[in-house]
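Residues 1 to 587 in this note's numbering are what the first sequence lists, from first letter to last. For every residue, glycine included, the Cβ atom is placed at its ideal position computed from N, Cα and C. One structure is given below, encoded as structure tokens.
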Amino acid sequence: MEQTQSNNTYLEHLRHSAAHLLAAAVLDLYPETKNTIGPVIENGFYYDFDFKEPIKEEDLKEVEKRMSQLLSNWIEFTHKEISPEEAKKIFAHNPYKLELIDEFVKEGKTLSLYESGGFIDLCKGGHVEHPSEELKAFKLLSIAGAYWRGNEKNKMLTRIYGTAFPTQDELDNYLQKLTEIEKRDHKKLGRELDLFTFSETVGKGLPLWTEKGATIRRILERFITDEEIKRGYKHVITPDIASLELYKKSGHYPYYKESMYAPIQIEDEEYMLRPMTCPHHFELYLSKPHSYKELPIRYAELAKLYRYEKSGELMGLLRVRAFTLADAHIIARPDQAKAEIGGALELIEYLASVFHLKAGGDYYYRLSLGDRNDEKKYYKDDKAWNEAENILRDVLKSRSVPFVEANGEAAFYGPKIDIQMKNIHGKEDTAFTVQYDFVMPKRFHLNYINEAGREEEAIVVHRSSIGAIERLIAFLIEHFSGAFPLWLSPIQVEIVPVSDKSNKYAEVINIKLREKDIRADADLRNEKMQGKIRDAQLMKIPYMAIVGGREEENNTVSIRTREGKDLGAVPLNKFIDQLQTEIESKN
RNA sequence: GCCUCCUUAGCUUAAUGGUAAAGCAGCGGUUUUGUAAACCGUCGACAACAGUUCGAUUCUGUUAGGAGGCUCCA
């Protein structure tokens, strides 16, 4: 453990040193550039610059070369602490550093300079001792834009990403890993496995599902609907569109106007494609009075939602403009809140296990809190926020699951527990979420009649079970590299006749499998058996049933797996039993 | 939306300031028995629009779409 720790620290020092070297090379090649900050990140480092003339990706080679040239003079790092006045003198030409200096002074930090090879930077430290000997393997990877201090209103700087490793072998391994990861990209596999596509004419961020992709969706949707009904949810259906009045009533409209599709004017009314389901379910609740005995009421729906995401934010199936959320709103008495939140988490954990997703590895819990100072983004009610946040924290603690807390990530109406997943590129998204809402019950008057016959205000738990189906499928494609478990595979068995003399028997088998609800397909194309096997294998179909004269005689099928294993001839009935058992197990 | 880059046929790729080559897929045939690619023929593309030029797929600009990043993510 300790070994790993110090290795990680060493790696960070190595990469941070490389960031210094990068800045030195850039300033050497482009003297009018202003360097800003250059931290270490998960797999490398970056440095942000304000270039006079924009730099191009092809210029990175030149920068790398200069880094190598400068490196020989980087014998060691020296440092000294300086006064704010000195610091301001040294960085007088660099407004970004001046801003940092002021901020550090305000925070009561001491200022220090680090120097190597004649390059001086304002820095708190964390370098290797002898860069010229230790910085053996580094590479600049890409150029990206990034706002100064991460604020949209600030100037867009140029960020150079790079990485460094102790040895060339480790660097090569890492680069090799990156190309492996490319192959699992859900956008690439989605096309290769014929699952979904996009059309410029239909519009960006609007996926079109093929038969195969739609099959996966249907299986997931049936599964989640059945599971939720089993757990006491009421599955309902409400419209994809609603009067603008509804979102004004809910309070969503002013907060999220920009990410909604513009209202549709018709006659004298305005309608909106819905970006969320909540108010629809609330109106359903309000259709009649409710007794305390009825609660909790758990409304669930596979809801199609429409959000106007900014064009640069769209990403394959992970961020789309039309998607389906496995949504639910639990309307409960306040004393039921903890149990309901716990139940929602239990469902989510069960589902994650079904999808072979592991806590800590594939996903982690985030307690997303409201920022009390941001009254524009969060409904003002400090007491309610404190209460709600404590309830969520208690539930997480009582389930003894590790979680991180994140300020300023809550919904406007309350804090939430997010289950965060990373895609293969390391980019994180919320997969599932459970939210505590103390605002909507007030706005909608979501009340119930208590034992004394008086009205009381309910609380609402918003939750998604499998999240957005599009996003889940993107994760699953990448997680399984497109080789879905049998129960999710769009085609479960490809029947391959040995020659066209066996086409008839192949069709008979096909019909028999389909009668047993097995998604089979008979490949009757005018191709050789070997070619058909190859194609089925490339489509990652779990089983191939090879049929010829021998099988026909004995009423068997010869099974080959997508891993290339030959399981030999088995009686058809036995094969069907095996398939059904495996489908049932969801493994 | 912003920054950088990309866009040649359904897919993967090639070449070129004088309108483009191939494999796979498709289509038409021929062929056909044992576990990852049968054979022959054929259709098909320079993302769109401007500009520079005798001439633009190639250079420049605009637009659209895409990738990565930033911001955002109810």
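Three-state secondary structure (DSSP) at residue i?
i    : result
Y46  : strand
K234 : strand
L369 : strand
A326 : strand
Q591 : Nothing can be reported for residue 591, as the shown portion of the chain is limited to 1 through 587.
Q492 : coil
D429 : strand
E12  : helix
S132 : helix
E2   : Any reading at E2 needs caution, since the residue's pLDDT is 33, under 50, leaving its predicted position unreliable; the model's value is listed next. Of the three classes helix, strand and coil, the one that applies to E2 here is helix, per DSSP.
I241 : strand
A214 : helix
A352 : helix
N587 : coil
A300 : strand
K34  : strand
A262 : coil
Going by other Cβ atoms of all chains shown within 10 Å of its Cβ, with 16 needed for buried, is residue i buried or exposed?
i    : result
K293 : exposed
M156 : exposed
N423 : buried
H20  : buried
P542 : buried
N373 : exposed
S291 : exposed
N590 : Nothing can be reported for residue 590, as the shown portion of the chain is limited to 1 through 587.
D523 : buried
D559 : Sequence inspection shows Ile at residue 559; the Asp mentioned does not correspond to that position. With 16 or more Cβ atoms within 10 Å of its Cβ, I559 is classed as buried.
T179 : exposed
I237 : exposed
M1   : In this prediction, M1 has a pLDDT of 31, which is less than 50 and means its spatial position is unreliable; what the coordinates show is noted afterwards. Classification for M1: exposed.
S68  : exposed
K288 : exposed
Q5   : Since pLDDT at Q5 reaches only 44, below the 50 mark, its modelled position is unreliable, and no value is offered.
D121 : buried
H93  : exposed
Q168 : exposed
K61  : exposed
T589 : No information on residue 589 is available, as it lies outside the stretch 1 to 587 that the chain covers here.
R217 : buried
K532 : buried
L175 : exposed
Y350 : exposed
Find the nearest neighbour of residue i within the set the options, judged by alpha-carbon distance.
i    : options                   : result
D28  : H93, D566, G118 and L140  : G118
K304 : S311, R321, G361 and H290 : R321
S552 : L513, Y505 and N587       : As written in the sequence, residue 552 is Glu, which differs from the Ser given in the question. Checked all of L513, Y505 and N587; the closest Cα to E552 is Y505.
P254 : E283, K376, L140 and I495 : K376
L347 : E129, A522 and G467       : G467
F138 : L71, Y256, E340 and M539  : L71
L472 : D437, A452 and D429       : D429
M440 : K397, V404, G126 and Y378 : Y378
M144 : D371, K124, R274 and G312 : The amino acid at residue 144 is misidentified as Met; the sequence shows Ala. Of the listed residues, the one whose Cα sits closest to A144 is G312.
A359 : Y299, F432, A406 and A328 : F432
Q391 : Y256, V461, K124 and A328 : Note on residue identity: the sequence assigns Ile, not Gln, to residue 391. Out of Y256, V461, K124 and A328, V461 has the C-alpha closest to the C-alpha of I391.
Y299 : A452, Y285, Y306 and A25  : Y285
R149 : G205, K109 and E103       : E103
K80  : F198, T110 and E64        : T110
L538 : R333, S132, K187 and E192 : E192
E451 : L357, N554, R333 and S465 : R333
E340 : F475, S465 and I224       : S465
G342 : S368, G370, I331 and D394 : D394
E302 : Y308, D327 and A23        : The question names Glu, but residue 302 in the sequence shown is Leu. Closest option to L302, Cα to Cα, is D327.
L295 : A337, R319 and Y256       : A337
For this session: For the region 158-178 and the region 29-49, state whether three or more C-beta atom pairs, one from each stretch, are separated by less than 8 Å.
Result: yes
For this session: Taking 8 Å as the threshold, find out whether the region 104-119 comes into contact with the region 64-83 through three or more Cβ pairs.
Result: yes
For this session: Report yes or no: do three or more beta-carbon pairs, one from the region 558-569 and one from the region 509-521, lie closer than 8 Å?
Result: no
Problem set entry | Minimum length 3: unbroken beta strand (DSSP E) runs contained in the region 485-545 | 493-497 and 520-522
Exercise. Do the region 353-366 and the region 378-385 make contact, defined as three or more Cβ pairs closer than 8 Å?
Worked result: no
For this session: Only counting runs of 3 or more residues, tell me where the beta strand (DSSP E) segments fall wholly within the region 540-583, in order along the chain.
Result: 543-547, 556-561 and 566-571
Exercise. Can you give, in chain order, each stretch of the alpha helix (DSSP H) that sits fully within the region 53-117 and has at least 4 residues?
Worked result: 59-71, 84-90 and 95-106
For this session: Starting from the N-terminal side, write out each stretch of the alpha helix (DSSP H) that is 4 residues or longer and does not extend beyond the region 397-484.
Result: 440-444 and 469-479
Problem set entry | Stretch pair the region 238-246 + the region 269-282: three plus CB contacts closer than 8 Å | yes
Exercise. Do the region 206-217 and the region 490-502 touch if we need at least three Cβ pairs shorter than 8 Å?
Worked result: yes
Exercise. Of all the beta strand (DSSP E) runs that stay within the bounds of the region 135-205, which reach a length of 3 or more residues?
Worked result: 137-147 and 156-165
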